[in-house]
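Q: Mapping of the sequence shown onto the numbering used here: residues 47 to 590, in sequence order.
For every residue, glycine included, the Cβ atom is placed at its ideal position computed from N, Cα and C.
Quantities reported herein were computed from a predicted structural model and do not represent experimental measurements.
Let me give you the structure first, and then I'll get to my questions.
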Amino acid sequence: MTVRTVAIRPFEGQKPGTSGLRKKVAVFRQPGYLEAFVQAVFDTQEALRGGTLVLGGDGRFFNRDAIRTILGMAAANGVARVLVGQGGILSTPAASAVIRRHGAQGGLVLSASHNPGGPDGDFGIKFNIANGGPAPESVTEAIYARTQVIDRYLIRDGIEIDLDRIGETAFGTLQVAVIDPVADYADLLECLFDFDAISTLLRRTDFRFRFDAMHAVTGPYACRLLVDRLGAPAAAVINAVPLEDFGGGHPDPNPVYAKELYDAAMAGRLDFAAASDGDGDRNMILGAGIAVGPSDSLAVLAANATLAPGYARGIAGVARSMPTSRAADAVAVQLGVEFFETPTGWKFFGNLLDAGRITLCGEESYGTSSDHVREKDGLWAVLFWLNVLARRQGETVHGILQQHWQRFGRHYYSRHDYEAVDAAQAQAAMAGLRSALPDLAGSAIAGMTITQADDFAYRDPIDGSESRGQGLRVICGEQARVIARLSGTGTEGATVRLYFELFEADPARQDDDVQTRLQPLFDFAESVTGLRKITGRAGPDVIT
Ligand code: G1P
Ligand code: ZN
């Protein structure tokens, strides 16, 4: 088996975005494209030479081809051991758990998360570091810099393994272990939650529960955990078989793409329902007649953390991304623990988690997790909610939320996405708001005074690194916020995200229609961005 050196020229645009390198499958299938990025990882991450690499993905189209290529490259680049998930499968949180449990030097996670798959869909690759989390900006910048000058990649032919059979194979200095993708992860979750109480709840015939795996990676994880270990009826897990194109769907757990589940819950036909995304790191939580906003979910879990055995001693602190509502801050204040506001993207939580400053963290984009891994974790959130419901016996999801709002106040919240916008038009709308920022403080939105208007910049409290340009925000003290930013994960044109938050302390006014309450903020956003006028669109494509 000889190592081949293949000459290539750099590809443009291999800059990792909010969450790794994401492109159309057709882009990834160009000869040398995947190889160039992977070689840039091996060239910059020296610990992988002689080290252990974790490898797996969400099972989407091109997953297996990519794994075969990466195995050959790992061999050629001196990796000592690769742990690859059976069938090429590893959910994002499971990959994080495996990296940590096996002391690997890093991992390559193959996924485009919630983006559609198939030959015409998206593919993605992300490098995770030894703590199990997404590489911080310093690392992604180094990888990107390397892709711009790369002129060759190394590959060894003949690394043929049966990806579907668990076992170890040696290829010269490289050991490849095909591992059970669920076991390490399931063991970890079992340590955190009250499985006895959850099991009792799930076995009750009057508890109507459904989990939608959206034909994505969580199917096998949900079956093993919820059905095999916890005793939920098998029919409770739907769309459980991962498909290369997610059955033609959009594996994003939100009211738009998980509509059937959402409608069943909203109509009161389910007591508790949840869904996860393509790679298993997102979660949507629903109760009878109520959708739990992800920002609220983080706050509720923080307030109820001690009900779960893994967090019984309390939480150290909580962090949320800047556009996420400030509901979790209110809980942290009452609990007397630290809270942090970070830029969008899970990588910004890594240092805070490693330093033990926070236990829980989350994003408005259906992401919640804790210090058990260094990724967001969809099934973790589902089990945490089940744990809370099991321990607050007789209470409904709706009831728990209402009580929460009475105690902490309610943060009405919504995100409006304008997808696949012409890039120049998106820039123009952002530029409009950016130029208005200096003059906004002191003026008012619907009677609320603007106290601050800026472009969010973050200084990491642990390593002091600075990240600028993280979203335009207009803040009315504790009362309201309007935020605008461009997506860093899209693969077509630009996606503009507008985020709206309004605080309501009065329990008598906490059950209003969300979009109606936020309307004055929508009008303000249009007046400063001109987004609808510029794009000619009547409204957002997705409202969450
Ligand atoms: C989106 C979400 C962000 C999340 C990321 C990866 O990024 O907004 O919170 O971390 O996906 O799941 P965006 O497209 O906004 O850059
Ligand atoms: Zn995801």
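Should serine 142 be counted as a contact of the ligand ZN given a C-beta to heavy atom distance under 6 Å?
A: No, the Cβ of serine 142 stays beyond 6 Å of every heavy atom of the ligand ZN.
Q: Could you give the first and the last residue of the continuous beta strand (DSSP E) run that contains isoleucine 135?
A: That run of the beta strand (DSSP E) goes 127-135.
Q: Does valine 224 pass the burial test, meaning 16 or more other C-beta atoms within 10 Å, or should it be called exposed?
A: Buried.
Q: Which residues in the same chain have their Cβ closer than 7 Å to the Cβ of isoleucine 576, if we skip the five residues on either side of it in sequence?
A: Residue identity differs from the one stated: residue 576 is glycine in this sequence, not isoleucine. Counting only Cβ-Cβ distances below 7 Å, and skipping sequence neighbours, we find Ala475, Gly478.
Q: Glutamate 387: beta carbon under 6 Å from a heavy atom of the ligand G1P?
A: No, the ligand G1P has no heavy atom inside 6 Å of this Cβ.
Q: Tell me which residue opens and which closes the alpha helix (DSSP H) that lysine 305 is part of.
A: Start and end: 305-312.
Q: I need the boundaries of the beta strand (DSSP E) containing glutamine 221, first residue and last residue.
A: Element bounds for glutamine 221: 220-225.
Q: Compare the C-alpha of asparagine 397 against each of Leu432, Ser416, Leu80 and name the closest.
A: The shortest Cα separation from asparagine 397 among Leu432, Ser416, Leu80 belongs to Ser416.
Q: Going by DSSP, what residue range makes up the alpha helix (DSSP H) through alanine 482?
A: Run containing alanine 482: 469-486, per the alpha helix (DSSP H) assignment.
Q: Grouping DSSP H, G and I as helix and E and B as strand, with all else coil, what is glutamine 452?
A: The answer is helix: DSSP assigns glutamine 452 an H, G or I state.
Q: When you compare the CB positions of proline 389 and glutamine 473, do they come within less than 7 Å of one another, or not?
A: Not in contact: proline 389 and glutamine 473 (Cβ atoms no closer than 7 Å).
Q: For histidine 457 versus phenylalanine 549, is the C-beta distance shorter than 7 Å?
A: Yes.
Q: For the alpha helix (DSSP H) that contains proline 350, what are its first and last residues?
A: Just to set this straight, residue 350 is asparagine in the shown sequence, not proline. Per DSSP, asparagine 350 belongs to the alpha helix (DSSP H) from 340-350.
Q: Please list, in chain order, all residues of the same chain as histidine 296 whose beta carbon is under 6 Å from its beta carbon, the five residues on each side excluded.
A: Pro162, Tyr303, listed in sequence order.
Q: According to DSSP, what are the bridge partners of histidine 296?
A: Histidine 296 is not bridged to any residue.
Q: Is any heavy atom in the ligand ZN found nearer than 6 Å to the beta carbon of aspartate 559?
A: Every heavy atom of the ligand ZN is 6 Å or more from the Cβ of aspartate 559, so no.
Q: With which residues is leucine 607 paired in a DSSP beta bridge?
A: The chain is shown only over 47 to 590; residue 607 falls outside these bounds and no answer can be derived.
Q: Below 6 Å CB to CB, which residues in the same chain sit around alanine 150 once its five sequence neighbours on both sides are set aside?
A: Cβ neighbours of alanine 150 beyond the five flanking positions: Thr98, Val100.
Q: Mind checking whether the beta-carbon of aspartate 258 lies closer than 6 Å to any heavy atom of the ligand ZN?
A: No, the beta carbon of aspartate 258 sits no closer than 6 Å to any heavy atom of the ligand ZN.
Q: Quickly, what does DSSP pair aspartate 258 with across the bridge? List them, please.
A: In the DSSP output, where bridge partners are listed per residue, aspartate 258 has Ile284, Ala321.
Q: Taking 7 Å as the threshold (C-beta atoms), are leucine 532 and alanine 540 in contact?
A: Yes, Cβ-Cβ distance for alanine 540 and leucine 532 is below 7 Å.
Q: Between the segment 423-434 and the segment 224-239, do three or more beta carbon pairs fall short of 8 Å?
A: Yes, they touch.
Q: Determine the DSSP secondary structure at histidine 31, reduced to helix, strand or coil.
A: Past the edges of the chain, shown from 47 to 590, lies residue 31, and the structure says nothing about it.
Q: Hey, could you find the ends of the beta strand (DSSP E) arginine 622 is sitting in?
A: Residue 622 lies beyond the residue range present for the chain, which begins at 47 and ends at 590; the question has no answer from this structure.
Q: Determine the contact status of phenylalanine 169 and phenylalanine 108, defining contact as a CB-CB distance below 7 Å.
A: In this structure, phenylalanine 108 lies closer than 7 Å to phenylalanine 169 by Cβ.
Q: If you drop the 5 nearest sequence neighbours on each side, which residues of the same chain put their C-beta closer than 6 Å to that of tyrosine 545?
A: Pro369, Arg461, Ile529, listed in sequence order.
Q: Considering threonine 541, what are the terminal residues of the beta strand (DSSP E) in which it resides?
A: Counting along the chain, the beta strand (DSSP E) containing threonine 541 begins and ends at 540-550.
Q: Roughly how far, in whole angstroms, is the beta-carbon of phenylalanine 255 from the beta-carbon of alanine 278, given that I think they are within contact range, below 8 Å?
A: Sure, about 6 Å apart at Cβ, within 8 Å.
Q: Going by C-alpha to C-alpha distance, which of Val71, Ser322, Gly218 sits closest to arginine 127?
A: Of Val71, Ser322, Gly218, the residue nearest in Cα terms is Gly218.
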